[in-house]
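Peer 1: First the structure, which I've put down as structure tokens, then a few questions once you've had a look.
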Amino acid sequence: MCGIVGIFSQNLQVEDRKVRLNNMLKAQSHRGPDAEQQWHDDSCSLGHNRLSIIDLSSEANQPMRSSCGNYMVVFNGEIYNYLEIKKELVPHFTFHTQSDTEVLLNAYIHWGTTCLEKFNGMFSIAIWDRIKQELFIARDRFGVKPFYFYKKENSLVFASEIKSIWAFGVNKKRNNKVWANYLTFGTYGLPHETFWDDIYQLPAGHFAVINTQSILNFDVVQWYDFVQNIKNTTILDELTLKEQYSQLLNEAIQLRFRADVPLGMNVSGGLDSSTLIALIHKNLPSSKKMEAFTFYCNDSNYDELPWVEALLENKPYHLNKVLLEAKIVPNLIEEVSQVQDEPFGGFPTLAYSLLFKEAASKGIKVVLDGQGMDEAWAGYDYYHNQSNNIIQGINSSPVRPEVLDADFALLAEKEHYEKPFESSMQNMQYRDIFYTKIPRALRFNDRISMLHGTELREPFLDYRLVELAFAQKDEVKYNQGNTKWMLRQISQELISDKVALAPKRPLQTPQREWIANDLQNFVFDQINSFGDFEFIDKKKVLQIWKEYTNGNQDNSFYIWQWINLVALK
Numbered sequence: 001m002c003g004i005v006g007i008f009s010q011n012l013q014v015e016d017r018k019v020r021l022n023n024m025l026k027a028q029s030h031r032g033p034d035a036e037q038q039w040h041d042d043s044c045s046l047g048h049n050r051l052s053i054i055d056l057s058s059e060a061n062q063p064m065r066s067s068c069g070n071y072m073v074v075f076n077g078e079i080y081n082y083l084e085i086k087k088e089l090v091p092h093f094t095f096h097t098q099s100d101t102e103v104l105l106n107a108y109i110h111w112g113t114t115c116l117e118k119f120n121g122m123f124s125i126a127i128w129d130r131i132k133q134e135l136f137i138a139r140d141r142f143g144v145k146p147f148y149f150y151k152k153e154n155s156l157v158f159a160s161e162i163k164s165i166w167a168f169g170v171n172k173k174r175n176n177k178v179w180a181n182y183l184t185f186g187t188y189g190l191p192h193e194t195f196w197d198d199i200y201q202l203p204a205g206h207f208a209v210i211n212t213q214s215i216l217n218f219d220v221v222q223w224y225d226f227v228q229n230i231k232n233t234t235i236l237d238e239l240t241l242k243e244q245y246s247q248l249l250n251e252a253i254q255l256r257f258r259a260d261v262p263l264g265m266n267v268s269g270g271l272d273s274s275t276l277i278a279l280i281h282k283n284l285p286s287s288k289k290m291e292a293f294t295f296y297c298n299d300s301n302y303d304e305l306p307w308v309e310a311l312l313e314n315k316p317y318h319l320n321k322v323l324l325e326a327k328i329v330p331n332l333i334e335e336v337s338q339v340q341d342e343p344f345g346g347f348p349t350l351a352y353s354l355l356f357k358e359a360a361s362k363g364i365k366v367v368l369d370g371q372g373m374d375e376a377w378a379g380y381d382y383y384h385n386q387s388n389n390i391i392q393g394i395n396s397s398p399v400r401p402e403v404l405d406a407d408f409a410l411l412a413e414k415e416h417y418e419k420p421f422e423s424s425m426q427n428m429q430y431r432d433i434f435y436t437k438i439p440r441a442l443r444f445n446d447r448i449s450m451l452h453g454t455e456l457r458e459p460f461l462d463y464r465l466v467e468l469a470f471a472q473k474d475e476v477k478y479n480q481g482n483t484k485w486m487l488r489q490i491s492q493e494l495i496s497d498k499v500a501l502a503p504k505r506p507l508q509t510p511q512r513e514w515i516a517n518d519l520q521n522f523v524f525d526q527i528n529s530f531g532d533f534e535f536i537d538k539k540k541v542l543q544i545w546k547e548y549t550n551g552n553q554d555n556s557f558y559i560w561q562w563i564n565l566v567a568l569k
């Protein structure tokens, strides 16, 4: 995992681009503490912050030039199956490193854009063709790795983080439509949008080829057709499904052990983490060690520490326990807001940031976690009770659009997501994978892991696992009142029935209670600064805040939104 930046411009001279690129690299230097390099030619500049994971030598640094000298690449992420792809390429290329970057570059030279279909990994890529004066950019299937860009004045600027585009010289200006939607509906924008004007995302599973004539008007092409893949996936009988999915689980874990640095895992007490622990225990080579990380809040209503300790009992993994306390939350909010650049999830994201910080302090550079099972196997309650609420387990509205100025509120447009399947359950899963839950979680976790120079790997987001689970009938996902029914049957062969059959427990913290009590003065100071926002009715905000502190605490999401707004102003 690293950071990439680039400038493709017909207007800016090389010396100007060097200064700007240097500022961009500095802005995201936390993403790659091991090396920083840049490369320039007449119209293109590429830069890279390196976090060394595979082939730690300087020969694997980026930007990397092809053997023929015609191509330059910057790449953020990992191609987990690079060894298998390399075997196909060896007859055609001489390799000079042991890195997946060189494999990726030669794969593009050999197969063109169709190389993307061969990659099992997480990636954001930019490849410059010096002969054609052409830039190829691409992003992985689910958007695990970020890719932001800005295009104006015959220049294209891209980076792994939004702050690097600001560092190029782009003004920080709110995208009022996205902010209005966030404050009205609790959404975080469409796959191509950000919270800031003129800054866009390359959507997951898309690529573009850009030349000097198309810098400001290039086509973004979908290369990963999830819907068609699902339609092509066989619906299996239960026994065959168990066998195939179990085999893929083991393969996905084994691929994500590929690293030349120490490994760790983030764990909680739920089914997904329990399955992850069991798979790691089954597949981890004896030559590798594994550290485990979990957080707790000293509140028995929320803490999963007893479950985690039970799961790791009699296993050779040292458990690092990190305490999240109310008194450190204000500083954490400031730190995490600065790296996120956009609104982020509540206290659990802060707690996860502490886990990555602890991992880094132990010399761990790669951390595995269990993200993705709920979306692939329809694990959330609303898949079955047809609830439209964006937060599980609450009765009142999680948002308070009544505090918005009338004109600003009119900017909000309820997002209508594609529904390509006959099954309403699959359509909700599709929404969560490509529009809501997964994109949010991946962005939150990318930033906080990279803040501390650690690489996060999500084996359960291996596209083969997601496609196989997603394609199956609704009744193998929800059966006899059990969510993730088939996954529970599969997991019973790995973990105890007590854990495999336990109901889902959302990852929670005492956010509601701390906001109302321990952090009341801090929160009041934040929302009391709402005079800076012309689109917020401060009197209404203070009235709702008073009701909250007096006991109306069914949820704290809207309070958290206001904290985000102030932190990111």
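Following full-length UniProt numbering, the numbering of the sequence shown begins with 1 at its first residue and continues without gaps.
Every residue gets a Cβ at the ideal spot worked out from N, C-alpha and C, and that includes glycine.
(1) In this structure, how does DSSP classify R139 when only helix, strand and coil are distinguished?
(2) Give me, in chain order, the residues of the same chain whose beta-carbon lies closer than 6 Å to that of I563; leave out the 5 immediate sequence neighbours on both sides.
(3) If V367 and L456 are in contact, beta carbons under 8 Å, what's the gap, nearest whole angstrom?
(4) I'd like the ranges of any alpha helix (DSSP H) spanning at least 4 consecutive residues and lying wholly in the segment 35-107.
(5) Going straight from the alpha carbon of V399 to that of Y558, what length do you get?
(6) Determine the contact status of F149 and Y200, defining contact as a CB-CB distance below 7 Å.
(7) In whole angstroms, what separates the C-alpha of H452 from that of F356?
(8) Looking at C-beta atoms only, is the number of pairs between the segment 55-69 and the segment 112-123 that lie closer than 8 Å three or more?
(9) Scan the segment 453-495 and note each continuous alpha helix (DSSP H) run of 4 residues or more that stays entirely inside, going in chain order.
(10) Could I get the ranges of all uninterrupted beta strand (DSSP E) runs contained in the segment 238-292, with 3 residues as the minimum, in chain order?
(11) Sorted by chain position, which residues of the same chain lie with C-beta nearer than 6 Å to R512's C-beta, five sequence neighbours on each side aside?
(12) Does the contact criterion of 3 or more C-beta pairs under 8 Å hold for the segment 222-231 versus the segment 11-26?
(13) When the Cα of V523 is compared with those of T509, W545, G531, D532, which residue comes out closest?
(14) Please report how far the alpha carbon of E193 lies from the alpha carbon of N175, in whole angstroms.
(15) In three-state DSSP terms, what is residue 571?
(16) Quick one: what does DSSP say E418 is sitting in, helix, strand or coil?
(17) Can you tell me whether A406 is buried or exposed, with buried defined as 16 or more other CB within 10 angstroms of its CB?
(18) I think Q429 touches E375, with their Cβ atoms under 8 Å apart; what is that distance to the nearest whole Å?
(19) Give the range of the alpha helix (DSSP H) segment to which Y150 is assigned.
(20) Tell me the rounded alpha-carbon separation between residue 570 and R130.
(21) With a cut-off of 8 Å, do at least 3 Cβ pairs link the segment 475-485 to the segment 277-288?
(22) Determine the direct distance from the alpha carbon of F533 to that of E402, and round the result to whole angstroms.
(23) CA-CA distance, Y188 and T114?
(24) Where does the unbroken alpha helix (DSSP H) through I515 begin, and where does it stop?
(25) Cα separation between L190 and F142?
(26) Which of helix, strand or coil does DSSP assign to V144?
(27) Tell me where the beta strand (DSSP E) around I7 begins and ends.
(28) From the DSSP output, which residues share a beta bridge with D129?
(29) Restricting to Cα atoms, I'd like to know which of N81, D41, E36, H384 is closest to E59.
(30) Tell me where the beta strand (DSSP E) around H206 begins and ends.
(31) Would a check of beta-carbon distances place Q561 closer than 7 Å to chain D?
(32) Distance check for V541 and F257, CA to CA, integer angstroms please.
(33) In chain order, which beta strand (DSSP E) runs of at least 3 residues are fully inside the segment 356-380?
(34) Going by CA-CA distance only, name the one from S52, E134, E117, E78 that's closest to D41.
(35) Note down the Cα distance separating T233 from D474, rounded to an integer number of angstroms.
(36) Between the segment 308-317 and the segment 289-297, do three or more beta carbon pairs fall short of 8 Å?
Peer 2: Reading from the atomic positions:
(1) Your numbering for residue 139 matches position 139 in the sequence shown. Three-state result, R139: strand.
(2) For the purposes of this step, residue 563 is taken as residue 563 along the sequence shown, with counting starting at 1. The residues are Q526.
(3) On the sequence shown, residue 367 is found 367 positions in, with the first residue counted as 1. On the sequence shown, residue 456 is found 456 positions in, with the first residue counted as 1. Sure, about 5 Å apart at Cβ, within 8 Å.
(4) 82-89
(5) Taking the sequence shown and counting its residues from 1, one reaches residue 399 at position 399. Taking the sequence shown and counting its residues from 1, one reaches residue 558 at position 558. The straight-line gap from Cα to Cα measures roughly 5 Å.
(6) Here residue 149 corresponds to residue number 149 of the sequence shown, with the count starting at 1. Here residue 200 corresponds to residue number 200 of the sequence shown, with the count starting at 1. Yes, they are a contact pair.
(7) Here residue 452 refers to the residue found at position 452 when the sequence shown is read from its first residue. Here residue 356 refers to the residue found at position 356 when the sequence shown is read from its first residue. If I take the Cα positions, the gap works out to 6 Å.
(8) Look at the beta carbons and you see the segment 55-69 not touching the segment 112-123: under three pairs across the two are nearer than 8 Å.
(9) 463-471, 474-477, 485-491
(10) 263-266
(11) Numbered from 1 along the sequence shown, position 512 holds the residue referred to as residue 512. Hits under 6 Å: Q553, S556.
(12) Judged by Cβ distances under 8 Å, the segment 222-231 makes no contact with the segment 11-26, as fewer than three pairs qualify.
(13) Position 523 of the sequence shown, counted from the start, is the residue given in the question as residue 523. The shortest CA-to-CA distance from V523 to any of T509, W545, G531, D532 is the one to W545.
(14) Indexing the sequence shown from 1 puts residue 193 at position 193. Indexing the sequence shown from 1 puts residue 175 at position 175. Going by the C-alpha atoms only, they are around 9 Å apart.
(15) In this structure the chain extends from 1 to 569, so residue 571 is not present and cannot be described.
(16) Locating residue 418 in the sequence shown gives position 418, where the first residue counts as 1. E418 falls in the coil class under three-state DSSP.
(17) Mapped onto the sequence shown, residue 406 falls at position 406. Answer is exposed; the Cβ neighbour count stays below 16.
(18) Position 429 of the sequence shown, counted from the start, is the residue given in the question as residue 429. Position 375 of the sequence shown, counted from the start, is the residue given in the question as residue 375. Going by Cβ atoms, the distance from Q429 to E375 rounds to 6 Å, so yes, they are a contact pair.
(19) Within the sequence shown, residue 150 is the residue found at index 150, counting from 1. Careful: Y150 lies outside any alpha helix (DSSP H), inside the beta strand (DSSP E) at 148-152.
(20) Any question about residue 570 goes unanswered here, given that the chain covers just 1 to 569.
(21) no
(22) Here residue 402 is taken as the residue at index 402 of the sequence shown, counted from 1. Here residue 533 is taken as the residue at index 533 of the sequence shown, counted from 1. Taking the straight line joining both Cα atoms gives about 15 Å.
(23) Counted from its first residue, the sequence shown places residue 188 at position 188. Counted from its first residue, the sequence shown places residue 114 at position 114. So the two alpha carbons sit approximately 31 Å from each other.
(24) In the sequence shown, the residue the question calls residue 515 occupies position 515. Per DSSP, I515 belongs to the alpha helix (DSSP H) from 511-516.
(25) Taking the first residue of the sequence shown as position 1, residue 190 is located at position 190. Taking the first residue of the sequence shown as position 1, residue 142 is located at position 142. Rounded to the nearest angstrom, the two C-alpha atoms are 14 Å apart.
(26) On the sequence shown, position 144 is the one that residue 144 refers to. Coil at V144, not helix or strand.
(27) For the purposes of this step, residue 7 is identified with residue 7 of the sequence shown, where counting begins at 1. 2-9 is the span of the beta strand (DSSP E), which, as asked, contains I7.
(28) In the sequence shown, the residue the question calls residue 129 occupies position 129. The partner list for D129 (beta bridge, DSSP) reads Y71, E134.
(29) What you label residue 59 is simply residue 59 of the sequence shown in a count that begins at 1. Looking at the Cα atoms, E36 is the closest of the given residues.
(30) In the sequence shown, the residue the question calls residue 206 occupies position 206. Counting along the chain, the beta strand (DSSP E) containing H206 begins and ends at 206-211.
(31) Among the chains of the structure shown, chain D does not appear; only one protein chain is present.
(32) On the sequence shown, position 257 is the one that residue 257 refers to. On the sequence shown, position 541 is the one that residue 541 refers to. Answer to the nearest angstrom: the Cα atoms are 49 Å apart.
(33) 366-368
(34) As a first step, residue 41 must be located in the sequence shown, where it is residue number 41. That would be E134, whose Cα lies nearest to the Cα of D41.
(35) Within the sequence shown, the letter at position 233 stands for residue 233. Within the sequence shown, the letter at position 474 stands for residue 474. Answer to the nearest angstrom: the Cα atoms are 15 Å apart.
(36) yes
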